[in-house]
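K.L.:
Before I ask anything, let me first share the structure, which is written out below as structure tokens.
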Amino acid sequence: MDKQALIRAALVSVVALGAVAQTAVAADAPKDKCFGIAKAGANDCASANGAHSCAGQATKDGEPTDWKYVVKGTCAKMGGKTAT
Numbered sequence: 001m002d003k004q005a006l007i008r009a010a011l012v013s014v015v016a017l018g019a020v021a022q023t024a025v026a027a028d029a030p031k032d033k034c035f036g037i038a039k040a041g042a043n044d045c046a047s048a049n050g051a052h053s054c055a056g057q058a059t060k061d062g063e064p065t066d067w068k069y070v071v072k073g074t075c076a077k078m079g080g081k082t083a084t
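See below:
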């Protein structure tokens, strides 16, 4: 392996580690249930009104009873509500 290839590989590793670290920080951040922002098939758990009982079963975008976890304090900025 030549010197330039070694430098490229090192840079790619540093960028990848940075991305993994950011994901880990976001995963540990406090979360809120944010109602009304889930896309069809992308909700995090059961609907608030009992229409379905599992993640990924939302049938329409933006249903007010379907929710996703978001970083605490960001729900309203995304157009959602923290209560149904």
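Residue numbering for the sequence shown follows this note's numbering, beginning at 1 and increasing consecutively.
Heads up, the beta-carbon is just placed ideally off N, CA and C, and yes, glycines get one too.
(1) Ignore the nearest five residues each way along the sequence and tell me which others in G46's own chain have a CB closer than 6 Å to its CB.
(2) Can you tell me which of the three DSSP states K116 falls into?
(3) Measure the CB-CB distance between T59 and T84 and report whether it falls below 8 Å.
(4) Spatial neighbours of N49 within its chain, please: C-beta separation below 7 Å, excluding the five flanking residues on both sides.
(5) Tell me which residues share the same chain as T82 and place their Cβ nearer than 6 Å to its Cβ, disregarding the 5 neighbours each side in the sequence.
(6) Straight-line CA distance for G41 to W67?
(7) DSSP three-state call for K77: helix, strand or coil?
P.N.:
Let me lay it out:
(1) Here residue 46 refers to the residue found at position 46 of the sequence shown. One point to set straight first is that residue 46 is Ala, not Gly, in the sequence displayed. Once the five neighbours on either side are set aside, the close Cβ partners of A46 are S53.
(2) Residue 116 lies beyond the residue range present for the chain, which begins at 1 and ends at 84; the question has no answer from this structure.
(3) Taking the first residue of the sequence shown as position 1, residue 59 is located at position 59. Taking the first residue of the sequence shown as position 1, residue 84 is located at position 84. Not in contact: T59 and T84 (Cβ atoms no closer than 8 Å).
(4) Position 49 of the sequence shown, counted from the first residue, corresponds to residue 49. T65.
(5) Mapped onto the sequence shown, residue 82 falls at position 82. So the list reads D32 and C75, once near-sequence residues are dropped.
(6) On the sequence shown, position 41 is the one that residue 41 refers to. On the sequence shown, position 67 is the one that residue 67 refers to. So the two alpha carbons sit approximately 11 Å from each other.
(7) Locating residue 77 in the sequence shown gives position 77, where the first residue counts as 1. In this structure, K77 counts as helix in the three-state DSSP scheme.
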